[in-house]
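Read top to bottom, the protein sequences are chains C and F. Each residue of the first sequence is one higher than the one before, starting from 1 at the first, in our numbering. Each residue of the second sequence is one higher than the one before, starting from 71 at the first, in our numbering. Ideal placement from N, C-alpha and C gives every residue a C-beta, glycine not left out. As the structure is a prediction and not an experimental result, all values here were calculated from the model.
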Amino acid sequence: MTDVGITNNIRELRAANGDMTQQELGKLVGVTRQTVNAIEANKYSPSLEVAFKIAKVFGKPLEEVFQYKK
Amino acid sequence: MPFREKRAWISFAVIGLVSAVYFPMMLTAYITSENFQPSFAYLSELALVAIVAFIILEILLHVGLYFFTPPDERMPKDERERLIEAEATRIAYISFMVLAFITAILIVHHPGRLSWFNGNLVIFSIALAELIKYGMIIYQHRWSS
Numbered sequence: 001m002t003d004v005g006i007t008n009n010i011r012e013l014r015a016a017n018g019d020m021t022q023q024e025l026g027k028l029v030g031v032t033r034q035t036v037n038a039i040e041a042n043k044y045s046p047s048l049e050v051a052f053k054i055a056k057v058f059g060k061p062l063e064e065v066f067q068y069k070k
Numbered sequence: 071m072p073f074r075e076k077r078a079w080i081s082f083a084v085i086g087l088v089s090a091v092y093f094p095m096m097l098t099a100y101i102t103s104e105n106f107q108p109s110f111a112y113l114s115e116l117a118l119v120a121i122v123a124f125i126i127l128e129i130l131l132h133v134g135l136y137f138f139t140p141p142d143e144r145m146p147k148d149e150r151e152r153l154i155e156a157e158a159t160r161i162a163y164i165s166f167m168v169l170a171f172i173t174a175i176l177i178v179h180h181p182g183r184l185s186w187f188n189g190n191l192v193i194f195s196i197a198l199a200e201l202i203k204y205g206m207i208i209y210q211h212r213w214s215s
């Protein structure tokens, strides 16, 4: 699990959603706080299911939460 | 520290500690015995003590960790943790295969002799594979997130 070509703006979205903590987001999508941290740091690429769940939590389309960069 | 990492540290430490005591004592018994034929009774007792110590330490420490960990930290493994464990197991399996192959060669070339040594070599390969597995899990949790 190293730096991947997928970036995200989950940290900003959490701040914009009542300063949601990583723990709270993790509970909502079914992953640990450490996994949320790894996703935000681009150290881990979540599965499609988790990515969709995260986007749904913030009420945003998937491509507004995750971006693929070559 | 995540719950899974704590569990990996416990298993890593217990296997490391028991191995660090058992294998040198076993090797010493071989080296200091006549014709490299140590007492079977002594080796059996040593192995039994090591196994019992391993089981008791694992149970006590894992149960203790479970009860001292808040319920919300004890959630089931998520996808990343499953991936970490799968990768660690794959690497540990490679090391186990290599040592098992070496043991097989020793058995073929020295049939009937060094049987106890070869048996312990298999146990050593299992212990080493487990150490590698838990070491990889710790590494992934600690330095890859």
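Alpha helix (DSSP H) containing THR32(C): first to last residue?
Per DSSP, THR32(C) is not a residue of any alpha helix (DSSP H), being assigned neither H nor E.
VAL65(C) at chain F interface by Cβ criterion, 8 Å: Residue-level contact check: VAL65(C) does not touch chain F, since none of the beta carbons of chain F fall below 8 Å from its beta carbon.
task = Note down the Cα distance separating PRO61(C) from TYR44(C), rounded to an integer number of angstroms.
result = If you take the alpha carbons of PRO61(C) and TYR44(C), they lie about 20 Å apart.
(Q) Assuming GLY26(C) and LYS69(C) are in contact, meaning their beta carbons sit under 8 Å apart, how far apart are those beta carbons, in whole angstroms? (A) Not really, about 25 Å apart at Cβ, beyond 8 Å.
Check: Can the beta-carbon of ILE80(F) be found less than 8 Å from the beta-carbon of LEU135(F)?
Finding: Against a cut-off of 8 Å, the Cβ pair of LEU135(F) and ILE80(F) comes out as a contact.
Original post:
CA-CA distance, ASN42(C) and GLN67(C)?
Top reply: Each residue's Cα considered, the two are about 11 Å apart.
_Taking 8 Å as the threshold (C-beta atoms), are GLU104(F) and ILE208(F) in contact?_
Taking 8 Å as the Cβ cut-off, ILE208(F) and GLU104(F) do not qualify as a contacting pair.
Discussion item. Between THR21(C) and chain F, is the shortest Cβ-Cβ distance under 8 Å, so that the two count as touching?
Written reply: Not one chain F Cβ lies under 8 Å of THR21(C).
Self-check item: Contacting residues, own chain, Cβ-Cβ under 7 Å from VAL50(C) (five flanking each side not counted)
Solution: Here the set comprises VAL29, VAL31.
message: Would PHE194(F) and TYR100(F) be called neighbours here (beta carbons separated by less than 8 Å)?
response: Cβ atoms of PHE194(F) and TYR100(F): not closer than 8 Å.
Assuming VAL65(C) contacts ASN9(C) under a Cβ cut-off of 8 Å, what Cβ separation, rounded to an integer in Å, is found between them? VAL65(C) to ASN9(C), Cβ: 7 Å. Contact.
Item to check | Member of GLY59(C), THR7(C), MET20(C), GLN34(C) whose CA lies at the smallest distance from the CA of TRP213(F) | outcome: The residue with the shortest Cα to Cα distance from TRP213(F) is GLN34(C).
> By Cβ distance, which residues of its chain are closer than 7 Å to GLU12(C), with the 5 residues on each side in sequence left out?
Replying inline: Cβ-Cβ distances below 7 Å link GLU12(C) to nothing in the same chain once the five nearest sequence neighbours on each side are left out.
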